[in-house]
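S.K.: First residue of the sequence shown: 1, per the numbering used here; consecutive thereafter.
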Amino acid sequence: METYSVDTEGFYGQFGGAYIPEILYKTVENLRHEYLQVIQSPDFKQEYHQLLRDYVGRPSPLYLARRMSERYNCRLYLKREDLNHTGAHKINNALGQILLARRMGKTRIIAETGAGQHGVATATVCALMNMPCRVYMGALDVERQHVNVERMRMLGAEVYPVQSGNKTLKDATNEAIRDWCCHPADTFYIIGSTVGPHPYPDLVARLQSVISQEIKTQLLEQTGRDWPDYLMACVGGGSNAAGTIYHYLDDERVRIILGEAGGHGIDTPETAASLNIGSIGILHGSRIKVMQTEDGQIIEPYSISAGLDYPGTGPMHCNLYETGRARVIPINDDEALEAAFELTRLEGIIPALESAHALAMLPKMNFKPDDVVVLTVSGRGDKDLGTYLKHKS
1 METYSVDTEG
11 FYGQFGGAYI
21 PEILYKTVEN
31 LRHEYLQVIQ
41 SPDFKQEYHQ
51 LLRDYVGRPS
61 PLYLARRMSE
71 RYNCRLYLKR
81 EDLNHTGAHK
91 INNALGQILL
101 ARRMGKTRII
111 AETGAGQHGV
121 ATATVCALMN
131 MPCRVYMGAL
141 DVERQHVNVE
151 RMRMLGAEVY
161 PVQSGNKTLK
171 DATNEAIRDW
181 CCHPADTFYI
191 IGSTVGPHPY
201 PDLVARLQSV
211 ISQEIKTQLL
221 EQTGRDWPDY
231 LMACVGGGSN
241 AAGTIYHYLD
251 DERVRIILGE
261 AGGHGIDTPE
271 TAASLNIGSI
281 GILHGSRIKV
291 MQTEDGQIIE
301 PYSISAGLDY
311 PGTGPMHCNL
321 YETGRARVIP
331 INDDEALEAA
341 FELTRLEGII
351 PALESAHALA
361 MLPKMNFKPD
371 DVVVLTVSGR
381 GDKDLGTYLK
391 HKS
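This is the structure:
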């Protein structure tokens, strides 16, 4: 049977691998050799799951959204990652990676962030574990996610505004990798999404898979079966989507629907819909679909959502798209904004702009009344209130 999981070489089909500078070879190889035995060990699992329960507040609820269900003619369940400590799914991964870093003897943490949620999550776990932390963030994102920047600083992290490129997530990642190249011995790079060289996409997906593990248990309790007809999530780098679908990758009964950032439209230069319009290339250590010119120069992405403003998508999702296992729908800025206001008014939940890209797929679907649909609300909308207020109708 075909599997959509990673193979022993770090590839999902033709996507993935580890394309890294020589100076990082030993560091990445050490991680590749150690990550599975560490995260599968009983003492890691015990500490990790206890913290997920007592510190993060898991399991996150699976909520039957009755008014939205009525609107879209299905049984719509929302996986409420917005209710986690720090307000998004990012904490699941940051917590797991810092426990791994500690067991590998690393003493300094770096991270990149776009919307700031991964930066906040990393700063949070560094405060918890008493480790120094530097977060790289594009200067444009520092401006549009000011509240998250202040949260990181309050938690004791150093926030480094990146001035190169278009000053967003890609550029922050470039700077973080440069730092890592300069300090490979003592520094652990907590990557926030299912991107980067192997084993990062698999490591992040495994740590986020607590989401789909809970969905199975919660669906069984609420519906009498442990699988939905549809799984829906937003996808940028791909971590909340990977966590949502992890335990259902090879279950063909479940249809996977992902929403990526269309920006002003995929027929315009202002978009971040790399799965729909990208071509195969190497970015940040991995073979993925990227937005690039004919001679391989990265095309700057655009999205109203800082967390989806990235010119590529992780290798797991590239493979799901190329094989047809997942349907990927580009969602434009105005559609995402409309969806955010709709959820707020119908269910009293203000979603992150990233999550609104998943919600905006609902009007494009044709559900049957008995279809069970699980949609992940990856984060809460506090950080995006400035944007929402600007566009309030």
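For every residue, glycine included, the Cβ atom is placed at its ideal position computed from N, Cα and C.
Alpha carbon to alpha carbon, how far is residue 130 from residue 43? Give it in angstroms, no decimals.
M.R.: 20 Å
S.K.: Count the other CB atoms, across all protein chains shown, that sit within 10 Å of the CB of residue 330; report buried if there are 16 or more and exposed otherwise.
M.R.: buried
S.K.: Check each candidate in 332, 244, 257 and name the one with the smallest Cα separation from residue 269.
M.R.: 332
S.K.: Once the 5 residues before and after residue 74 are set aside, which same chain residues still bring their CB inside 6 Å of it?
M.R.: 367, 371, 373
S.K.: Put residue 92 into one of helix, strand or coil per three-state DSSP.
M.R.: helix
S.K.: Classify residue 292 as helix, strand or coil using the three-state DSSP reduction.
M.R.: strand
S.K.: Quick one: what's got a C-beta closer than 6 Å to residue 259's C-beta in the same chain, skipping five residues either side?
M.R.: 234, 329, 331, 357, 358, 361
S.K.: For the beta strand (DSSP E) that contains residue 332, what are its first and last residues?
M.R.: 326–332
S.K.: Name the DSSP beta bridge partners of residue 203, please?
M.R.: Its beta-bridge partners do not exist; DSSP assigns none.
S.K.: Need the endpoints of the beta strand (DSSP E) that residue 110 sits in, please.
M.R.: 108–113
S.K.: Between the stretch 77–90 and the stretch 27–41, can you find at least three pairs of beta-carbon atoms closer than 8 Å?
M.R.: Output reads no: the stretch 77–90 does not touch the stretch 27–41.
S.K.: For residue 182, count the other beta carbons within 10 Å of its own beta carbon; 16 or more makes it buried, fewer makes it exposed. Which is it?
M.R.: By the neighbour-count definition (other C-beta atoms within 10 Å, threshold 16), residue 182 is an exposed residue.
S.K.: Under the three-state reduction of DSSP, which class applies to residue 126: helix, strand or coil?
M.R.: In this structure, residue 126 counts as helix in the three-state DSSP scheme.
S.K.: Buried or exposed, going by whether 16 or more other CB atoms sit within 10 Å of the CB of residue 251?
M.R.: exposed
S.K.: If you follow the alpha helix (DSSP H) that residue 362 is in, where does it begin and where does it stop?
M.R.: Note, residue 362: premise wrong, no alpha helix (DSSP H); not H, not E.
S.K.: Do you know offhand how far residue 209's Cα is from residue 294's?
M.R.: 36 Å
S.K.: What are the boundary residues of the alpha helix (DSSP H) that includes residue 38?
M.R.: 25–39
S.K.: Identify whether residue 335 lies in helix, strand or coil by the three-state DSSP scheme.
M.R.: If DSSP states are grouped into helix, strand and coil, residue 335 belongs with the helices.
S.K.: With which residues is residue 79 paired in a DSSP beta bridge?
M.R.: 62, 376
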